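See structure below.
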Amino acid sequence: IGKLPLRGKKVLITAGPTYEAIDPVRFIGNHSSGKMGFAIAETAAALGASVVLVCGPTHLKLSGKTIERIDVTSAEEMFEAVKSEYADADIAIAAAAVADYKPATVADQKIKKKGAALQINLEPTPDILKYMGEQKQNQFLVGFALETENEIANAKGKLTRKNLDLIVLNSLNDTGAGFKTETNKVTFITREGDILPQELKAKEKVAQDLFQFIQEKLYA
Ligand code: PMT
Numbered sequence: 184i185g186k187l188p189l190r191g192k193k194v195l196i197t198a199g200p201t202y203e204a205i206d207p208v209r210f211i212g213n214h215s216s217g218k219m220g221f222a223i224a225e226t227a228a229a230l231g232a233s234v235v236l237v238c239g240p241t242h243l244k245l246s247g248k249t250i251e252r253i254d255v256t257s258a259e260e261m262f263e264a265v266k267s268e269y270a271d272a273d274i275a276i277a278a279a280a281v282a283d284y285k286p287a288t289v290a291d292q293k294i295k296k297k298g299a300a301l302q303i304n305l306e307p308t309p310d311i312l313k314y315m316g317e318q319k320q321n322q323f324l325v326g327f328a329l330e331t332e333n334e335i336a337n338a339k340g341k342l343t344r345k346n347l348d349l350i351v352l353n354s355l356n357d358t359g360a361g362f363k364t365e366t367n368k369v370t371f372i373t374r375e376g377d378i379l380p381q382e383l384k385a386k387e388k389v390a391q392d393l394f395q396f397i398q399e400k401l402y403a
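First residue of the sequence shown? That's 184 in full-length UniProt numbering, and the numbers climb one at a time after it.
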C-alpha cells in the first residue's frame, strides 16, 4: 500500500451546511462549520487521493492546493455538483448537514414585517446521499448521522435506507462532538452490523481513523 495508499482513487466529499433562501435577505440554515468535512478532504489528499470537496457556505480555507473545491449554497446546488462528480468516484463521504426542507417559494423582495404571525410553507429538498446509494456501482459510500435521541437505531435506519457501506454517528448529547467543535466523538456502524464507538478526538484524527477503517474494509 505504501505511503500514499489512496493514489489513483477519487474521493468525493460533501461538507458544511446548506442555506435555503426565504427572500433575498434570509435563509434557513444550520450550525455546520464545515470542519469535519474539510478534515476528511485534507486527510484524503494527504493519503494521495484525487479529492473533490463540495461544500456549502463556510469561511474555512484549504491548506493544500490539490483539492478541487466546489462551493455551493443550497441543497439543490449541492445535489447538482454531486451528480456530476459521483459516477467515477471510488469513495464518497457525506459529511454535509443538508437542509431537509426549503421554502416552497422564494420571495422576490424582502418580506415586510407585519403584526400577524407569518407562515412559510416548506417542501423537501433532494436527499443527496439517498441518490448516491441508489446509483451506487463500486463506490464505497459513507454517510454521517447527527442525532439527538435513539442514536444507534436512527443511524442504522439511515445506513439501510440510503444503501450505505458505513455510517459515522455523532450525537449532540456528547460533549465536544458535532457542530463547530475542533473535536468529535463518533461511532462507526457498518453494513455488516458492527458498532464501533471511538474516543473523543480531533476531527483530523477522526478523519485519519475513518480512512484507516475504509482501507481495511476495501483492501483487507
Ligand atoms: O461541519 P462541522 O461544524 O464540523 O460539524 C460536523 C457535522 C456535525 C455537520 C458532521 O459531523 C455531520 O454529522 N454531518 C451530517 C449532518 C446531518 O445532516 O446528518 P443527518 O443525520 O441529517 O443526515 C444523514 C446523512 O444524509 C448525512 O450524511 C447527510 O450529509 C446526508 N443528507 C441528508 C439530507 C439530504 N437532503 N441530503 C443528504 O445527503
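Virtual Cβ for every residue (Gly too), placed ideally from N, Cα, C.
Just so we're clear, the structure is a prediction, and the values are computed from it rather than from any experiment.
Ranges of the alpha helix (DSSP H) found wholly within the stretch 313-354, counting only runs of at least 4: Within the stretch 313-354, the complete alpha helix (DSSP H) segments at least 4 residues long are 334-344, listed from N- to C-terminus.
Can you tell me whether H214 sits near the ligand PMT, meaning its C-beta is under 8 Å from at least one heavy atom of the ligand? Yes.
Taking the alpha-carbon positions, what's the I274 to Q292 distance? Distance between the alpha carbons of I274 and Q292: 42 Å.
Which partner residues of V195 appear in the DSSP bridge assignment? Rather than Val, the amino acid found at residue 195 in this sequence is Leu. For L195, which the question treats as bridged, DSSP gives the partners V235 and A275.
Which term fits K296, buried or exposed, when burial requires 16 or more other beta carbons within 10 angstroms of its beta carbon? In the assembly as shown, K296 is an exposed residue. Its beta-carbon has fewer than 16 other beta-carbons within 10 Å.
According to the Cβ coordinates, are K285 and T308 closer than 9 Å? Here K285 is near T308, since their CB atoms are less than 9 Å apart.
Measuring only from the beta carbon, is E382 closer than 8 Å to any heavy atom that is part of the ligand PMT? Every heavy atom of the ligand PMT is 8 Å or more from the Cβ of E382, so no.
What are the start and end residues of each continuous alpha helix (DSSP H) run of 4 or more residues lying completely inside the stretch 241-317, in chain order? Counting only runs of 4 or more, we get 258-269 and 311-317.
Specify, as a first and last residue, the run of the beta strand (DSSP E) that T226 falls within. Element bounds for T226: not the beta strand (DSSP E) but the alpha helix (DSSP H), K218 to A229.
Of the listed residues R344, N353, Y269 and I378, nearest to S233 (C-alpha basis): It is Y269 whose Cα lies nearest to the Cα of S233.
To the nearest angstrom, how far is it from the Cα of G316 to the Cα of K266? Straight-line Cα distance between these residues: approximately 12 Å.
Residues that P380 bridges to, as DSSP identifies them: When beta bridges are read from the DSSP output, P380 appears opposite T370.
Straight-line gap, F362 to N333 (C-alpha atoms, nearest Å): Whole-angstrom Cα-Cα distance: 19 Å.
The ligand PMT heavy atom lying under 8 Å from the CB of P309: Yes, since a heavy atom of the ligand PMT falls inside the 8 Å radius drawn around the Cβ of P309.
Going by Cα to Cα distance, which pick from I372, E399 and K368 is closest to V389? Residue K368 is the option with its Cα nearest to V389.
Any heavy atom of the ligand PMT closer than 8 Å to the Cβ of V255? No, the ligand PMT has no heavy atom inside 8 Å of this Cβ.
Consult DSSP for E203 and reduce its assignment to one of helix, strand or coil. Three-state DSSP puts E203 in a strand.
Residues near N213 by beta carbon distance below 6 Å, same chain, minus five either side: Within the same chain, N213 has close Cβ partners P200 and A280.
Tell me whether F210 sits in a helix, a strand or coil according to DSSP, three-state version. Here F210 sits in strand by DSSP.
Hey, could you find the ends of the alpha helix (DSSP H) D392 is sitting in? Its alpha helix (DSSP H) spans residues K386 to Y402.
Measuring only the C-alpha atoms, how far is A224 from V235? C-alpha separation (whole angstroms): 8 Å.
Mark D348 as exposed unless 16 or more other C-beta atoms lie within 10 angstroms of its C-beta, in which case mark it buried. With a threshold of 16 other beta carbon atoms within 10 Å, D348 meets it and is buried.
Pop quiz: L379 and T370 are said to be a contact at Cβ under 8 Å. What is the actual Cβ separation, rounded to whole angstroms? With a beta-carbon spacing of about 6 Å, L379 and T370 fall inside the 8 Å limit used to define contacts.
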